[in-house]
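Chains as they are written, first to last, in our numbering: chain L, 4 to 242; chain D, 15 to 105; chain P, 10 to 506; chain F, 54 to 184. Note that the Cβ used here is the ideal one computed from N, Cα and C, for glycine as well.
This is how it looks when you write it as structure tokens:
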């Protein structure tokens with residue numbers, strides 16, 4: 004009965020959504036003439052290489068034009084890890100006999116992970132340093148770094164993240180993101196403004212503050228995701 | 015032409031993986047299904063000229079979402095209906 | 010540094026990121042810092058309200074890209090009023106909860122304070138942003154903090170209430186995302202003023218689809234029926250200060266989102282009728298449900314839903330007089346319901362099993378709290394001379410101007426229901442025999458001050474409604490004047506001082 | 054090469070449209086079905102993830118422009134602005150994916166806690182509050 008009702012509901016919803024989206028032709032150019040600045044996308048495509056000197060337009064949008072969104076997004080991750088810690092809070096005694104989820108790892112596996120770990124972390128750092136030139140950036144690079152730590156955490160029982168150090172990195176990265184924003188305010192411009200607009204398009208040092216912000220975001224995302232995984236992996240399994 | 019063939023194959027695989035992960039009773043396999051959805055979705059994004067999104071989906075969807083689901087299943091029950099004896103759900 | 014709207018956002022963020030470090034220095038700092046931040050919010054509000062009174066709007070661009078390209082923050086008289094209200098309430102809630110859970114671990118204390126502060130910041134962000142996707146991000150900040158706070162107490166059923174909220178909230182945010190996407194394909198921009206400017210080009214079928222998706226999405230925060238299934242559970246399971254914040258702050262932000270979208274973004278006439286219908290149904294169902302509650306906090310939660318329904322009805326009438334009355338109601342509801350939740354939480358905490366029956370005769374042990382609760386109850390049902398009376402009166406006159414007899418009859422009938430269930434509680438509180446022999450936990454002096462401020466506000470505004478009505482009239486005029494909003498935002502060059 | 058692509062694109066435009074929009078809407082509906090019907094909390098969250106995946110695909114599909122390239126000014130393509138796909142939906146999806154992950158993580162931690170309390174992850178057996 005409930006199933007039939009739900010299926011009818013979904014059918015109606017699907018019909019309306021399909022009808023709406025079939026009116027929006029796929030692949031049509033909705034940006035309009037790029038140089039006319041009529042739509043937001045056109046403005047971004049037209050002005051990004053000249054004004055911000057950033058090759059990757061998505062990076063320019065995420066970090067600069069819509070920088071407040073990114074700040075909010077980092078905050079959401081921060082609050083998620085804070086909330087997670089409060090939801091899964093355990094007393095000290097429980098923590099001690101908690102058993103971490105670990106793979107039944109063989110020597111080959113562990114050696115492989117040990118070789119891979121620096122490579123993965125390096126890849127992640129490469130991705131977020133080159134966020135303004137190539138696809139990728141702080142979020143992607145940070146996630147890749149967190150994946151590296153995840154591999155270490157599940158294959159080495161003795162490997163522990165230094166909680167104290169993680170708190171330091173997390174706080175400092177967050178503070179420097181906001182600090183860059185406040186710098187804009189203090190220097191008489193607006194919050195998060197990209198002040199030093201130096202550099203040549205497509206060189207590593209270009210785009211002013213954009214790569215710096217993305218590196219900071221990379222560190223923060225990496226630490227936060229590692230923290231989330233660390234909390235989740237250390238839950239005491241049920242008997 | 016390749017564009018269309020790839021697109022259709024991915025579309026079919028996506029829906030199939032989604033249905034698989036919704037219907038499979040063993041939650042571990044269901045989670046693998048969502049992982050496959052993420053893999054194909056990431057390729058789909060690449061096909062639609064969105065490499066940034068593809069990279070994000072690959073990193074978040076395939077690796078992290080899957081692992082947190084697996085951790086949850088380890089701490090709860092592996093069987094959707096919880097009929098199988100709870101001792102047997104070791105991963 | 011000149012005070013601009015962005016201070017509402019970055020000061021709490023600095024504090025939130027710094028608290029984990031500072032808590033290593035001193036255990037007391039995580040408790041105190043949010044107080045300073047929330048007090049600074051009041052200072053920002055005072056400064057900005059002066060500018061709003063002078064210029065009508067205050068806006069700020071972020072990252073140096075002017076309005077349609079970048080994100081802008083804008084304070085109108087309506088949003089300025091809500092933000093100031095939230096700032097003051099936020100500070101009072103901090104005072105009320107200052108010694109809350111005195112003997113808990115450092116980690117838990119830290120998370121509680123960060124989450125509570127960021128929930129208030131998220132609500133302020135929803136109100137001041139001028140960009141539709143940015144609004145979505147702030148909505149998620151509110152959702153995540155609200156869920157974590159709902160599940161804060163381990164011994165209660167908080168996790169279940171939190172999961173329910175998260176599920177409904179996750180669904181809602183998906184719908185809002187979808188609405189933003191369809192809107193973007195039609196107008197090619199995310200700035201709310203520009204969307205409003207280009208709305209007339211959108212085909213009416215698509216417009217209706219977008220509006221429905223938005224209403225469902227925001228209806229969940231604004232406690233619209235039938236999307237409010239999470240409200241009573243979350244309100245009753247969350248810690249006392251948090252349920253106060255839910256009623257006084259989060260619900261206001263949800264209503265603001267709904268009103269901003271219907272009044273500014275869209276130009277569909279049917280939307281107003283929809284608001285009246287949805288508000289009426291919400292009001293009737295909620296007040297009927299409140300009548301049969303046995304848990305005091307659940308009863309207050311249903312009453313809160315009912316009041317939100319009444320506010321939506323008043324907004325839906327759509328005349329200047331009605332919008333003015335609705336703003337007055339929002340103000341009253343925020344103040345009175347916060348007082349009721351604060352006093353109610355203390356009463357509940359001191360009762361045996363958290364039911365209305367078990368607060369029998371508690372007034373002998375907590376005379377001032379009981380008096381404040383009674384004051385709040387009298388005010389919310391609309392007895393003269395308290396402030397709740399005036400807002401209800403203005404709504405009724407606004408409805409009478411438009412000859413909506415059915416509306417008037419319903420509102421009066423619902424008021425009688427309200428009187429019945431609030432007076433039942435007061436009757437239990439004052440006129441029943443004391444059966445419980447329990448130890449009383451007295452609230453802290455700070456909590457007394459916070460509650461007294463709210464109580465005095467109720468009485469003062471009740472005797473002198475002119476203190477606030479002039480401002481609300483002005484705010485209502487400007488809220489309905491869509492053209493000036495669009496003109497102001499799209500011509501803005503830099504921060505207006 | 055380009056003309057050929059355009060020709061094929063126009064010829065099979067309907068198929069491609071259904072392939073992208075249809076798939077995305079189907080994913081959303083499948084996810085929604087799981088949210089509404091399934092009793093297991095983990096399955097419900099899987100449904101939420103799949104629904105989100107559908108919306109993300111819809112975003113990227115909306116941004117695609119026939120014959121467009123990725124919105125990156127790589128060396129040698131500094132003047133390609135007029136044939137790039139729409140970068141805005143991509144930036145929005147980036148944000149939405151991260152937020153979706155945060156929500157999933159919080160939801161799963163709630164499931165773990167509920168399981169510890171009630172020793173079950175099924176919605177119809179957890180009923181201390183009215184559902």
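For residue i, which residues in chain C fall below 7 Å Cβ to Cβ?
i                      : result
residue 142 of chain L : Judged by its chain identifiers, the structure shown contains no chain C, and its protein chains are L, D, P and F.
Please state whether DSSP places residue i in a helix, a strand or coil.
i                      : result
residue 120 of chain F : coil
residue 449 of chain P : coil
residue 54 of chain F  : coil
residue 84 of chain P  : strand
residue 475 of chain P : helix
residue 206 of chain L : coil
residue 16 of chain P  : helix
residue 379 of chain P : helix
residue 30 of chain L  : strand
residue 64 of chain F  : helix
residue 410 of chain P : helix
residue 93 of chain F  : strand
residue 277 of chain P : coil
residue 362 of chain P : coil
residue 10 of chain P  : coil
residue 238 of chain L : coil
residue 233 of chain L : helix
residue 15 of chain D  : coil
Can you list, in chain order, the residues of its chain with a C-beta nearer than 6 Å to that of residue i? Leave out the 5 residues immediately preceding and following it.
i                      : result
residue 153 of chain F : 105
residue 154 of chain P : 124, 127, 128
residue 111 of chain F : 77
Cutting at 8 Å between CB atoms, please list the residues of its own chain near residue i, excluding the five before and the five after it.
i                      : result
residue 502 of chain P : Confidence in residue 502 of chain P is poor, its pLDDT being 43 and thus under 50, which makes the residue's placement unreliable; the coordinate value appears in the next sentence. Only 75 meet the Cβ criterion.
residue 174 of chain F : 93, 94, 95, 164, 167, 168
residue 308 of chain P : 299, 302, 365, 430, 434
residue 119 of chain L : 151, 154
residue 4 of chain D   : The first residue shown for chain D is 15 and the last is 105, placing residue 4 of chain D beyond what the model contains.
residue 439 of chain P : 370, 372, 379, 383
Could you tell me if residue i is buried or exposed, where buried requires 16 or more neighbouring beta carbons within 10 angstroms of its beta carbon?
i                      : result
residue 4 of chain L   : exposed
residue 458 of chain P : exposed
residue 301 of chain P : exposed
residue 449 of chain P : exposed
residue 210 of chain P : exposed
residue 406 of chain P : exposed
residue 530 of chain P : No answer is possible for residue 530 of chain P: the residues shown for chain P start at 10 and end at 506.
Would you say the beta carbon of residue i comes nearer than 8 Å to a heavy atom of the ligand COA?
i                      : result
residue 437 of chain P : You won't find the ligand COA in this model; it holds no ligand whatsoever.
Just to confirm my understanding: we take residue i, look at its own chain, exclude 5 residues before and 5 after, and list those with CB closer than 7 Å. What are they?
i                      : result
residue 463 of chain P : 101, 344, 347, 348
residue 14 of chain P  : 57, 67, 69, 82, 84, 137
residue 257 of chain P : 98, 343, 346, 347
residue 136 of chain F : 120, 121, 122
residue 94 of chain D  : 39, 41
Interface positions of the stretch 57-70 of chain L facing chain P (Cβ-Cβ less than 7 Å), listed along the chain:
67, 68, 69, 70
Where the stretch 94-107 of chain F meets chain D: residues whose CB sits under 9 Å from a CB there:
94, 95, 96, 98, 99, 100, 102, 103, 106, 107
In the stretch 124-142 of chain F, which residues sit with their C-beta less than 8 Å from some C-beta in chain L, listed in chain order?
Result list: 124, 125, 126, 127, 128, 131, 134, 135, 137, 139, 140, 141.
Cβ-based contacts, 8 Å cut-off: residues of the stretch 248-276 of chain P near chain F:
none
What ranges does the alpha helix (DSSP H) occupy inside the stretch 29-97 of chain P, keeping only unbroken runs of at least 4 residues that lie completely in it?
38-64
Segments assigned beta strand (DSSP E), at least 3 residues, entirely inside the stretch 46-85 of chain L
none
Counting only runs that start and end within the stretch 130-208 of chain L, where is the alpha helix (DSSP H) found for 4 or more residues in a row?
141-158, 166-189
To be precise: take each residue of the stretch 127-161 of chain P, compare its Cβ to all Cβ atoms of chain F, and keep it if any distance is under 8 Å. Which residues remain?
Residues 142, 146, 149, 152, 153, 156, 157, 160.
At a Cβ cut of 8 Å, what residues of the stretch 25-56 of chain D count as close to chain L, listed as they run along the chain?
Those residues of the stretch 25-56 of chain D that come within reach of chain L (Cβ to Cβ, closer than 8 Å) do not exist; the list is empty.
What are the residues of the stretch 187-216 of chain P that lie near chain F, defined by any Cβ-Cβ distance shorter than 8 Å?
187, 189, 190, 193, 194, 199
Near-chain P residues of the stretch 26-60 of chain L (beta-carbon distance less than 9 Å), N- to C-terminal order
For the stretch 26-60 of chain L, residues whose beta-carbon sits nearer than 9 Å to a beta-carbon of chain P comprise 26, 27, 33, 34, 35, 40, 41, 42, 43, 44, 45, 46, 47, 50.
Of all the residues that make up the stretch 63-75 of chain F, which are near chain L by a beta-carbon distance shorter than 8 Å?
Hits within the stretch, in order: 66, 69, 70, 73, 74, 75.
Against chain P: residues of the stretch 141-167 of chain F by CB proximity under 8 Å
Correct list: 141, 142, 145, 148, 149, 152, 155, 156, 159, 160, 163, 164, 166, 167.
Would you mind listing the alpha helix (DSSP H) stretches within the stretch 124-197 of chain P that are 4+ residues and don't spill past its ends, in chain order?
141-159, 167-196
Beta carbons nearer than 9 Å to chain L: which residues of the stretch 68-84 of chain P have them?
So the close ones are 69, 70, 71, 72, 73, 74, 77, 78, 79, 80, 82.
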